[in-house]
Every structure is written in structure tokens, then in C-alpha cells.
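Student: Dropping the structure in here first, questions after.
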Amino acid sequence: MLVKIRDRVFSGKRVSRDEALELFKSDDIFSLGALASSVAEKKNGKKVSFIRNRHVTPTNICVNRCRFCAFSRSKGEEGAFELTLEEILKRIRALNSHLKTISEVHIVGGLHPDWPFEYYLEMLLEIKRKFPEIHIKAFTAVEVDYMSRISGLSLEETFIVLKKHGLDLMPGGGAEIFDSRIRSRLCPEKISGERWLKVIETAHRSGIKTNATMLYGHIENYEHRVEHLFRLRELQDITGGFQAFIPLSYHPKGTEIGGFYSSGIDDLKTIAVSRIVLDNFPHITAYWIMLGEKISQLALHFGASDLSGTVIEEKITHSAGALSGESMTPEQLIYLIKRAGKIPVERDSFYRKVKSEK
Amino acid sequence: MKGIRSIEKLKVKNKPVKKNINRLTKKEGLRVFKDADLLDLGHMADDVRKSLHPEGIVTFIVDRNINYTNICINRCRFCAFWKDEGDPEAYLLSKNELFRKIEETINLGGTQILIQGGLHPRLDITYYINLLHEIKSRFNINIHGFSPPEICYIADRSHLTIRETLTLLKDAGLDSVPGGGAEILSDRVREIISPRKIKSGRWLKVMEEAHRLGMRTTATMMFGSIEKPEDIIEHLDAVRSLQDKTGGFTAFIPWSFQPGNTELSQQTKVIRHKLGKHSSHITPHASRIYPATAVEYLRVLALSRLYLDNIKNIQASWVTQGLKLAQVALRFGANDFGSTMIEENVVASTGVSYRVSKEDIVKAIKDAGFRPAQRDTYYKIIRYF
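Protein sequence lines correspond, in order, to chains A and B. First residue of the first sequence: 268, per my numbering; consecutive thereafter. First residue of the second sequence: 11, per my numbering; consecutive thereafter.
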């Protein structure tokens, strides 16, 4: 059956939902990896990109209390934190001198019950003013939806204002699994899958590129994953605004639903199937924070063409028992890529080459 | 590719037999190792694993790693465990501590103790004989003990031959011998990473004598320090040749050098000078050795499965690679998950520690698509999970 799917892919046809399911169920990880690799190579050759970036988490206080999340706190709860604008700028400044230049700051945080929309706008404005050369990748669809609600603006208006204040692009978080039944058990307070797609579509129409994610390995099954991937493929057909798809493996420690880590084999399979199904996405990212550096490196042989970034100070996954470190140096990333037999390319937020390493 | 085609033959063979005419030559092994695509290599190794273990069972042993002393005169440069005798952190376990550890192991369903330690300058054969006697008189447990460097040191200190030493230890209760201390069986490499440790010839000699006395042993390989692909082939070939003669190896265990807290990682510059300009693990900008990556681990593992056609079991090393990569390793040639490691000290001293429970191991094996089973030292299945 894999042979049939392979032939279809080679002849430029798209795989169907049934075929995607077949791929997930297949035990032949080698053919799966080879097929995904050939798709990846057709798009990106042997190039694997990474970026010098850092994460800033303005707060872990969140009105949503998702069952899979070990990071969020309620206001006043032990361990809750909220950063002032000066603290945020200090973090970026400290890193910028350390790494010479970082090219992107990634800002994602909780839905704070008291912060006004203006605080986020001020944040963008000040970062842009102090660090005009750094791209700001900020706010998941969930946060933007929240901002539109607290400000009373429409999604379109919200994006116009965010952009005006310095937002360059958006990450792909908050997608989890679109299926409403899974979502109601996983994150009942969070916006629906439909709404997530609507926010992202509006972002794309407003000229803001985004990523897309999928949280897998918890209580969903392969059908849910396939449906998730197809919803993304359909939206990308319309807008073309997605840059990369980032599958996120579930981390069980300290979460309400508990459970286990996904298997290394499932991680690689998910990368491969994503690469084959999402034929209209430029990149599949092996996010080493989630997968660990070992599986991320292997993912480069299963269709991934991007390793994400240096990250620096990752908080959210680490609160749920991440097995990875909180940061990697560009040298470490380059080493992993080269040792996988690929060509490292340092990129900016829009996947433009910054500096090539031999 | 020619190398690939010749090992393609392995895929259709049901059972690679001794002196299989299709077995990889050194030259073919080297070419496959250097040039084959990672997934092709894995696929071939997976097919060989399937033909040797068609039931889809992945085994593990419940045992404890007891390091009776960390005092060691060898001071290997890749090791973060050894201490000098006067060091405040130096220790020698008392017999009571040792017995307590064994009792705990048995209570946890353990069937074996892996007892290994440094080369302690004040211990001689009588210490070991007494120790073995005392353990055996108290406990019904398999003693998997003393790697070849320890056996040689005991022999030398007591002016005995290797054979005499092994005979005495066996009579006192030693059941099987672990394959540690093999590192890379290439004296060129040993001269640099462990100059005081026994050379390849003696390591092989201990194993041969043990096999001839009816003891089973494992074989290991530590790669990812400063060796070249040729050294890895040299190692595999030495193990395969001895296995042809004796058939005494139960399993092969490749694992990667863990550079944390070791002299080897701190003195890269010196070593590089000694080695000349090769040594691919040292990046030009960093004066440190990086650990072997996942891709390299799986390549070595798959090559081992293909090359060692006369050794039935290949172990995945979750202790050095983590559970996720160990799961993937089960599709790159490995059929055994090693030990549950009720206690592990040596790898942990390099800062690498993946603590997992027996339940984690059982779950990990199941999630990788296999049936988990607890085994004994001789790979006999004790119970399924």
C-alpha cells in the first residue's frame, strides 16, 4: 500500500485522508522516512535551517487552565509571575549582547486577566524601538482572540493595530488538536479549532505569516491527527500564509491529564506523515525543545527541514518535564545538522538565508 | 552501491550462520558504514533483527550495577568515575553494604548483579574469592562480574595466568563476565584514551579463556571519542572472529562516549596534537569533544547488527541514549533493552542520567511496537509483560 501512495506522491498527486491514515498506521518507518525525505529534498534540497532567537514569556498567569499544561497559574497562586516591560526589554538586551545578534524574539504567554490590550501594544512598540533589527514573532491565535475580546476590536482591526505597533509574524501555538471532543477534554476553556483557524486566516489576510502546530501523543488518535493536518492543508491552499508546521509531542509531567511521553518512533512517524500530507507547507520543523536533540536530528531524515532556533530560556515545555536543555548554541545546532549529513543554513524569521556554514 | 548490494543478500537469508559466505568483509563493512543512507542501513539491520527474532519480543534484565570501588589506577581519560586512593570521594563498599544492595535487588525481582569497579591497588585474588563465596552462600543470584581489565589486574597482582585467575573466580562463584573495558579494540586509539588499560589482545584473551571455561560474556564498544570508522570495523571484526572460535558472547552492546567531566573532553587540544588533524568529533571552533549524535549511534548500531552475524543479541543503550532513541534503536538492529539499572554510577558521573523505572521500560518497549519480556543473564525469558 505504501508503494501505491509513494507512486501517487511521486506523480505529484496529493494524498487523501484515508491514505494519510494508512501512513500513520504503517509499520514501515523506513519507506515512510524515505518518502518524506524525498518530498523535503524536492522543496529544500539538503538544507536545514535554524535561527538565532530567544523566547520571552511575559506571564504564566492564564484564565484558561488547559489540562495538558503544567505551566499556567492563576493570579495569586504560588509560582505565578508577570514581567514588566523593563524586565522584558532587559531579557532581550542581555541576550542580544551575548549572541552578538539575535534575529527574532518569540513572545508567547498566558491570557492575563488584568492586562489591557495597550500593554501588549506598548511591548511591541518598545521592543521595535530599542531593537529595530529584531523580528517580533508574537502571540498565538488564542492570545490574539483574547486581545480582540478585551479591546472590543474585530480580528481584522486587532491585526491592523498589532502590525502597526511592530508585530512581524506569529507562532503557531494553541492549535493543539482541532477535534472538538478531544478539545473539550483537553482544554475546555480554550477557543475552538474553528476559531483558531479563523484567527489564523485573518492573520494571513492581514499580511502576517504564521506557523501551525499540533499537540499529539495525549488522548487523540490517528484519525484526529489526520483531520487536523487536512484542516491546515485546506487553509494553506486558500491563504498560503503558513511558513512551517511544527508537531509538538505531549509532555506529561505535572499536567492534569498525566499519561506518558510519546515514543521516539511515533515522533518520527508524525514528522514524516506531516511532510507528506502538508505538500503546500514550505517547512516541517523538528522542534528540539519538544523532541529532544536526538530525535530532532533523526527527524532530518524523516522530512524535517528546520530545527527551529537557539530558543534560550524555554519555560513552557520545561514545566511539563522536557528532556531537552533550555537552549542550544548555533554551534551545537550546526553540529547536529552536519552530523546528519545535511547543510546548515542560518535563517531569519521569514526563512531567508542569513549566513551559510560549510 | 556495491556494498549495499552485497549485504542485500543478508535480507533474504533466514539465519545468518557461522562463517556465512555472505557475511560482510571488512572492506564491505567499512563502505556500508561510511556511505550507506541512514534509512537503508536501518532497514537492512531491521530485517536481520526480524529474521533472528521473528517473534517481535524485546527483552530486558532486572539487575543492579554495583560498583564496589571507584579507586582506580588506570585513570582513563574518557572516564569521570575514577578517584585516587587518597581522594575524599574515593570509596570501597563494605561487604554489608554490598549484601544490602543485593538483597534489595532480589526484592525488586532482580536476577543478576553486575559487579564492576576500579583497579584497586590493595585488593588481591583472595579478596575476590572471599567476596564471591560470601555472596553465593547468602544469595541465589547470578554474578555477572569483573570486566577484563579487572581480571587482568587481579591476575598480575597475584602472579597468576588469566586462565588460573578465571578458574579460581569461577569456582568461587563467578557466573559470567561483562564485556566492559573493550572501549575500542584498536591499540592506536587505546594508547590515547586509556594508555594504562589493557591492550586489545589481552581483552580478547580474557574473553576467550572465559568462554573456554564455559562462562558466557557480553562484548561492548565505546565509540564517539577519537576513533575513525576503520577502528570501529577493526573492533567488530575482532569480536566476530573470536565468536567464530568460541561462540561465548551472548550480546553486543555499543554505546557512545559521554564527554561530561572527563579528561578527554577537557584536553581535546592535547589529544588533537597527538592525533594529527583527523578526529571528526572535534569541531574547529570548539576545543571540546561533542558526544556522538543520534544519527551516529544508529549507524553504529545498525552496522553492528549487520556485521556480527554470529551474535544473537544487540542491546540498545537507553542509559546513554535516552528512552526515545532507544525505542528507535529497536528498529535499527537492537532486540534487547539491557538492564533496568536499579543503580548506575559510572555514566551518571558524566552528568548524563536518564532515570527510568521498570514500568517506563515496559511501556517504552510496548509503544515501540514490541512485546516486552524480562530475561535472565542467558537470554532465557522469565516473564512476559
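Beta carbons are placed, not taken as given, at the ideal position from N, Cα and C, and that holds for glycine.
May I ask you to list, following chain order, the residues of the stretch 336-348 of chain B that have a beta carbon less than 7 Å from some beta carbon of chain A?
Tutor: Of all residues in the stretch 336-348 of chain B, Gln337, Val338 and Arg341 have a Cβ within less than 7 Å of some Cβ in chain A.
Student: Identify whether Tyr394/B lies in helix, strand or coil by the three-state DSSP scheme.
Tutor: Here Tyr394/B sits in strand by DSSP.
Student: How is the beta strand (DSSP E) around Glu371/A delimited, first residue to last?
Tutor: Run containing Glu371/A: Glu371 to Ile374, per the beta strand (DSSP E) assignment.
Student: Between the stretch 183-191 of chain B and the stretch 222-240 of chain B, are three or more C-beta pairs nearer than 8 Å?
Tutor: Segments in contact, yes.
Student: Residues of chain B with CB under 8 Å from His568/A, in chain order?
Tutor: Those are Leu48, Leu49 and Val305, listed as they occur along chain B.
Student: I need the DSSP call for Phe527/A, collapsed to helix, strand or coil.
Tutor: Looking at Phe527/A - three-state DSSP - the assignment turns out to be coil, as it is neither helix nor strand.
Student: Compare the C-alpha of Leu600/A against each of Arg614/A, Ser473/A and Phe348/A and name the closest.
Tutor: Closest by alpha carbon: Arg614/A.
Student: If we call anything under 9 Å between Cβ atoms a contact, is His432/A one with Ser616/A?
Tutor: Not in contact: His432/A and Ser616/A (Cβ atoms no closer than 9 Å).
Student: Rounded to whole angstroms, what's the CA-CA distance from Ile513/A to Asp573/A? Just pull it up for me.
Tutor: Their Cα atoms are separated by approximately 9 Å.
Student: Which residues in chain A sit within 7 Å of His53/B, going by Cβ to Cβ distance?
Tutor: Within 7 Å Cβ-Cβ: Phe297.
Student: Spatial neighbours of Ser421/A within its chain, please: C-beta separation below 8 Å, excluding the five flanking residues on both sides.
Tutor: So the qualifying residues of the chain are Ser415.
Student: What are the start and end residues of the alpha helix (DSSP H) that includes Met217/B?
Tutor: Counting along the chain, the alpha helix (DSSP H) containing Met217/B begins and ends at Ser210 to Arg222.
Student: Checking the sheet assignment: what are the DSSP bridge partners for Glu349/A?
Tutor: The partner list for Glu349/A (beta bridge, DSSP) reads Thr326/A.
Student: Is the beta carbon of Gly39/B within less than 8 Å of some heavy atom of the ligand ZN?
Tutor: In the structure shown, the ligand ZN is absent, as is every other ligand, since no ligand is present at all.
Student: By the 7 Å beta-carbon criterion, what residues does the stretch 597-608 of chain A contribute toward chain B?
Tutor: Under the 7 Å Cβ criterion, the stretch 597-608 of chain A contributes Glu598, Tyr602, Leu603, Arg606 and Ala607.
Student: Does chain B have any CB closer than 9 Å to the CB of Gly531/A?
Tutor: Closer than 9 Å to some Cβ of chain B, the Cβ of Gly531/A qualifies, so yes.
Student: Below 8 Å on the Cβ atoms is my guess for Arg393/B versus Thr69/B; work out the distance and round it to an integer in Å.
Tutor: That belief does not hold up - the Cβ atoms of Arg393/B and Thr69/B are roughly 11 Å apart, past 8 Å.
Student: Rounding to the nearest angstrom, what Cα-Cα distance links Thr121/B and Ser367/B in this structure?
Tutor: Looking at the two C-alpha atoms, the distance is approximately 16 Å.
Student: Could you give the residue range of the beta strand (DSSP E) that holds Gly348/B?
Tutor: Gly348/B -> beta strand (DSSP E) spans Asp346 to Ser349.
Student: Which whole-angstrom value describes the C-beta separation of Ala326/B and Asp346/B, a residue pair presumed to lie in contact below a C-beta threshold of 8 Å?
Tutor: Correct: roughly 7 Å between the Cβ atoms.
Student: Does any residue of chain B bring its CB to less than 9 Å from the CB of Ser473/A?
Tutor: Not closer than 9 Å to any Cβ of chain B, the Cβ of Ser473/A fails to qualify, so no.
Student: For Ala301/A, go through chain B and note every residue whose CB falls closer than 7 Å to its CB, in chain order.
Tutor: Simply Leu49.
Student: Taking CB distances under 9 Å as the criterion, tell me whether Glu560/A reaches chain B.
Tutor: True, the Cβ-Cβ gap to chain B drops below 9 Å.
Student: Return helix, strand or coil for Leu515/A, following the three-state DSSP convention.
Tutor: Correct three-state label for Leu515/A: strand.
Student: Taking 9 Å as the threshold (beta carbon to beta carbon), is Leu535/A in contact with chain B?
Tutor: Yes - at least one Cβ of chain B is within 9 Å of the one on Leu535/A.
Student: Note down the Cα distance separating Lys322/B from Ala374/B, rounded to an integer number of angstroms.
Tutor: Roughly 22 Å separates the two Cα atoms.
Student: Output yes if chain B places a C-beta closer than 9 Å to the C-beta of Phe317/A; else output no.
Tutor: No, no contact with chain B.
Student: Run down chain B in chain order and give the residues with a C-beta less than 7 Å from the C-beta of Asp294/A.
Tutor: Within 7 Å Cβ-Cβ: Gly379.
Student: Are there 16 or more other CB atoms within 10 angstroms of the CB of Tyr317/B, so buried, or fewer, so exposed?
Tutor: The residue is buried, with at least 16 neighbouring Cβ atoms inside 10 Å.
Student: Roughly how many whole angstroms lie between the Cα atoms of Lys465/A and Ile610/A?
Tutor: Straight-line Cα distance between these residues: approximately 36 Å.
Student: Going along the chain, which residues of its own chain have a beta-carbon closer than 8 Å to the beta-carbon of Val147/B, five neighbours each way excluded?
Tutor: Checking the sequence, you will find Ser at residue 147/B rather than Val. For Ser147/B, where only same-chain residues beyond five positions count, there are no Cβ hits under 8 Å.
Student: Smallest Cα separation from Asp94/B: which of Cys162/B, Arg132/B and Ile153/B?
Tutor: Ranking the options by Cα distance to Asp94/B, first place goes to Arg132/B.
Student: Using a Cβ cut-off of 8 Å, pull out every chain A residue sitting near Gln331/B, in sequence order please.
Tutor: By Cβ distance, chain A contributes Lys561.
Student: Could you tell me which uninterrupted beta strand (DSSP E) segments, each at least 3 residues in length, are contained entirely in the stretch 40-77 of chain B, listed from first to last along the chain?
Tutor: Fully enclosed beta strand (DSSP E) runs of 3 or longer: 67-71 and 73-77.
Student: Among the candidates Ile242/B, Gly270/B and Lys334/B, whose CA atom is the shortest distance from the CA of Asp197/B?
Tutor: Minimum Cα distance to Asp197/B is reached at Ile242/B.
Student: With DSSP as the reference, please indicate the residues paired to His130/B in a beta bridge.
Tutor: For His130/B, which the question treats as bridged, DSSP gives no partner whatsoever.
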